[in-house]
Structure formats: structure tokens, C-alpha cells
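Under this note's numbering, the first residue of the sequence shown is numbered 33, with each subsequent residue one higher. First the structure, in the form of C-alpha cells, and then the observations on it.
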Amino acid sequence: MPALSLRSLARATSLPAGGTAEPLEDIRGIATITGVGETAVSGPSGRDPRQMALEAVAAAIADAGLQPQDIDGLMVSGHIADQITPDDFHRHFGTLGPLWFSTEGGAMIWAATCAHEAAMAMRARRATHIVNVFAVDWATRRAAGTGTPGDWHAGEDMKAHLEVPLGWYPQPVYFATFARRYMHEYQLTEAQLAAIPLTFRRHANGHPGAVMRDRGLTLEAYLARPPLAGPLRREDCCLISDGAAAWVMSPSERAADMPRIPIHIDGVGHGRIAGAPYISQQLDLTATPQVFAAPWAYAMAETAPAEVDVIAVYDCFSSTALMQIEDLGFCRKGEGGSFVQEDRLHYARTRRQGGIPCNTHGGLLSHGYLLGASHVVELVRQLRGSAANQVTDAQRAVYAGFTADEAATLVLSRGGA
């Protein structure tokens, strides 16, 4: 069975204290992304999440040059929101036959780790063409008063009995606490933090599918807004959206005969805070579990941050994006403020020019809140050379998924490792 080199393995296991990394099997050369699809992303729309999921799946299948009957694997989220089942797939597409099914897919960290599970299923010959899909209708639910992302947190016993009564709720308050600690430790200024939402809004302005397409956001306008949960302002917080995204994963040996440029899955890493289900229990509040996940993904892909051309990070809040950019290795810990303030995240600033284009579709802050699923779709388009805000000669990309106490890293390439 393929194994990591000793040199890479040693590098991957040099992790900071306070967390663990799952040593995933090497899957290089097994799977590629051959098709992507998504629905319109919007505010409250009244759309059904299952119908949105099926729409995105149909678009991804068509993009891969396949027919629904070619799909013999389905991955969805078993953790977040309502997703489709194999029966939904068969009824909608009129297909029959066995469908390998996993609920370890979807978005957030699973938008990265689904690639590993799909590759393992292909290796075991359980499935050939596998589609991963995620849909959410939280904007509609919030407008109707029937549910928000905060409700999930409020339903946890520890949060309900200890955090909520003390006012440490909902998510903007949690992450404002971490942002304030980071500011204290590393003297991050509000103007530096503003570079993240301002850059991502510029990207959204150039993306036809982004929700927040306005050109009026300036640093002055940002600083003039009152904090929502200091130091975070409205623009530092993710949108709440309706929409869906999907992609097809196929065996690498078949991808060459398919119509789209195959995007190779080179590395996957998964890490978590040691013995703690909550990010507040991480030893270093100015870091994310990405410090445990990213080294393993780089090791599997036999690459390093200096060889990456474009990234997409889970930007539920601007401060979380900044910390992950550091934890992925694109600048040193504590230097994120000056790094992002120098416009290094803009799509026109290549790695060779000292930048790392980030969230070129606008991210969760300005494109739409599909919990990272649209991030992967955007990276595929970047590597194909068909993105709206195209990074020059993008060959290798990294997605950073995040769930607070866990993180996952996905390394993709246009030409393989």
C-alpha cells in the first residue's frame, strides 16, 4: 500500500502541543475531480434544500460529461442540515442499482476529507464515479423563524447550561473573543483585520454568482460601522444563505478520457484539538486546528506552501480566516495582520509576487454561506483556468476546512503530484 516517505512523515509529525492529527493513508494517483456544479446562492428564497442539492448534482454530472446512471457513489453531510438520500437520487434521476453511500461528506471539514474517503472507496472498488453534495436553506429558515446556525450550538448541553446563561453566545461572540485575544498577543489593528473582508468583497464584485456585489465598501466605511461583537463588525461575519454545491470524483485512470481538465486529489489532512469538543479548550486561542491538519496534507502531496498558487479558507469570520492563513504556513504566527494588509490575498497577486490569492469568489463573507462547498468548486475552476477572478497560471490549490474543534486540509493540482 502506498506510504508517505520517511522525510515527509517526520515533517508531518512535528506538530504543536494541544492537538492530534489523523495519519491518513496516501491516496495520491487514485482520484480526481471531474465535474462541478452549483445552484444560485441567495438570501431567503423558499427553495427546498433537497431540490437544490439535486440541481447541483445534475449540474456536476453534466459538467463531468456523465449520465446519472454512471454515478454509483453519493456523499452527503450527516452532520449539518437536510441532505438527499440514495432514494432521493434514484427517484429524481430515474436510476436503479446499488449506490455506495456515505454521510461523511458535504461541507466544512468534510469538503476536504470526503476526497480521502472517496479515493478509498475507489481503491476498494466499491464505487467508480462518486458525487459529493451539500445544500443549505438557513437563510429561508432564519427569515421564517424556524432555525439558525446558532440553534445548533444552543442545543448542546454545555453551551445551553454554561455559555448561553452567561451571554457567551452566539457564534460572533465566540469568535470575537478569540479575535480580541489575537489582537492582544500580536497587536493586530482593526485596519489590518479589515483587509480580509475588503479583499473578499472585491473578489465578490468580480464574481457573477456572489451575493454581496457592491462597490461601496471602503476601509473608511468599514471603520465607521459600530462593532457587532468587538472587534468584529458586520463585514467580518459570514452570510446566511440558501444554495447548494456538488462535485464528481472519478478514478484518475478514467479522467483522461473525460471532457474537463482533471483536477488531481494530492493530499488530505485532518486534525483536532486534543480531548476537547470545543475550540475554547484549545491551548492556544490564537491558532486553529489547521496547525494539526495542514502538515499531513502537505506531506501526502509532497508539497509546501511555497508551491501553492491559490487557497480557499473557511472564513466564518475574518479573524478565523487570518489565523488559518498563518496556520497553513503562508506567514509566521503573529504576522498575519501585516501580511493581509499588504494586499497579498487579491487574486492578481501571485505567489511568485509574494501573495497567496485567497477566496477568489468572495468566500463565506461575501460570496455565500455554503459552508465551504463552494470554496472547493471555486478552486477547481481556478485550476481549470475558468474562474471569474482567474489567478495567473494556477497549478496547485489548497482548501482549508474548519469546524472550530477540527480542521481539514485538501491539496489539489492541475497536473498531479
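Note that CB positions come from ideal geometry on N, CA and C, so glycine has one too. In this text the structure is predicted, and so the values were computed from the model without any measurement.
Should residue i and residue j be called a contact, given that it needs their Cβ atoms to be closer than 9 angstroms?
i: Gly105; j: Ile62; result: no
i: His302; j: Ala439; result: yes
i: Arg416; j: Arg292; result: yes
i: Ala167; j: Gly78; result: no
i: Asn421; j: Ala278; result: no
i: Gln322; j: Gln356; result: yes
i: Glu87; j: Val409; result: no
i: Ala144; j: Thr441; result: yes
i: Tyr330; j: Pro337; result: yes
i: Glu358; j: Ala333; result: no
i: Thr400; j: Val243; result: Here residue 400 is Gly; the residue named in the question, Thr, does not match the sequence. Contact: yes.
i: His239; j: His393; result: yes
i: Arg60; j: Ile295; result: no
i: His235; j: Gly395; result: yes
i: Arg286; j: Thr160; result: yes
i: Tyr201; j: Leu354; result: no
Among the options, whose alpha-carbon lies nearest the alpha-carbon of residue i?
i: Asp246; options: Arg233, Tyr218, Ile59; result: Arg233
i: Gly67; options: Pro100, Ala175, Tyr431; result: Pro100
i: Asp80; options: Glu70, Pro240, Ile59, Asp114; result: Asp114
i: Gln306; options: Phe133, Asp437, Asp120; result: Reading off the sequence shown, one finds Ala at residue 306, where the question assumed Gln. It is Asp437 whose Cα lies nearest to the Cα of Ala306.
i: Thr424; options: Glu57, Asp347, Gln385, Glu87; result: Gln385
i: Glu217; options: Met244, Thr335, Glu367; result: Glu367
i: Ser370; options: Tyr201, Gln224, Met190; result: Gln224
i: Tyr254; options: Gly187, Asp183, Arg266; result: Arg266
i: Ile116; options: Glu358, Ser134, Leu411, Asp289; result: Ser134
i: Ala226; options: Glu374, Pro389, Met84; result: Glu374
i: Pro130; options: Ala92, Asp119, Gly137; result: Asp119
i: Ala432; options: Ile141, Val89, Phe125; result: Ile141
i: Ala288; options: Ile65, Lys191, Leu194, Val372; result: Ile65
i: Thr52; options: Pro327, Ser109, Gly387, Arg383; result: Pro327
i: Ala419; options: Asn391, Gly387, Thr160; result: Asn391
i: His122; options: Asp95, Ala90, Val430, Ala94; result: Ala90
i: Leu56; options: Gln83, Ala92, Cys146; result: Cys146
i: Leu403; options: Asp95, Pro197, Pro181; result: Pro181
i: His124; options: Lys191, Thr160, Met84, Ala380; result: Met84
i: Glu54; options: Ile93, Arg304, Ala256; result: Arg304
i: Glu339; options: Ala176, Arg364, Gly387; result: Gly387
i: Met107; options: Trp132, Ala92, Asp58; result: Trp132
i: Thr382; options: Ala426, Leu411, Val372, Val412; result: Ala426
i: Val412; options: Ala92, Ala175, Asn237; result: Ala92
Throw me the rounded Cβ distance for the residue i and residue j pair, which I believe falls under 8 angstroms.
i: Ile103; j: Ala139; result: That pair is no contact at about 19 angstroms.
i: Ser407; j: Ala344; result: Per the sequence presented here, residue 407 reads as His, with Ser not at that position. About 4 angstroms separates the two Cβ atoms, so the contact holds.
i: Gly97; j: Asp316; result: Not a contact, Cβ separation roughly 46 angstroms.
i: Thr231; j: Leu377; result: 5 angstroms
i: Val300; j: His148; result: 4 angstroms
i: Cys348; j: Phe434; result: 7 angstroms
i: Val443; j: Asp341; result: So it is not a contact: roughly 11 angstroms between Cβ atoms.
i: Ile228; j: Ser350; result: 4 angstroms
i: Arg428; j: Thr335; result: 7 angstroms
i: Gly126; j: Ser109; result: About 25 angstroms separates the two Cβ atoms, so there is no contact after all.
i: Ser284; j: Met290; result: So it is not a contact: roughly 11 angstroms between Cβ atoms.
Contact the region 69-83 vs the region 152-159: 3+ CB pairs below 8 angstroms: no
Counting only runs of 3+ residues fully inside the region 318-379, write out the beta strand (DSSP E) ranges in chain order. 342-345
Count the CB pairs spanning the region 166-183 and the region 266-274 that are closer than 8 angstroms, and state whether there are at least three. yes
Can you give, in chain order, each stretch of the beta strand (DSSP E) that sits fully within the region 49-96 and has at least 3 residues? 51-54, 63-70
So does the region 196-214 actually touch the region 250-261, counting three or more Cβ pairs closer than 8 angstroms? yes
Let me know the beta strand (DSSP E) ranges lying completely inside the region 160-212, each 3 residues or longer, listed in chain order. Along the length of the region 160-212, whole beta strand (DSSP E) runs at least 3 residues long occupy 161-169, reported in chain order.
Ignoring anything shorter than 3 residues or poking outside the region 257-288, list the beta strand (DSSP E) runs there in chain order. Runs found: 274-283.
Tell me the start and end of each unbroken beta strand (DSSP E) in the region 378-444 that is at least 3 residues and wholly inside, in chain order. 428-434
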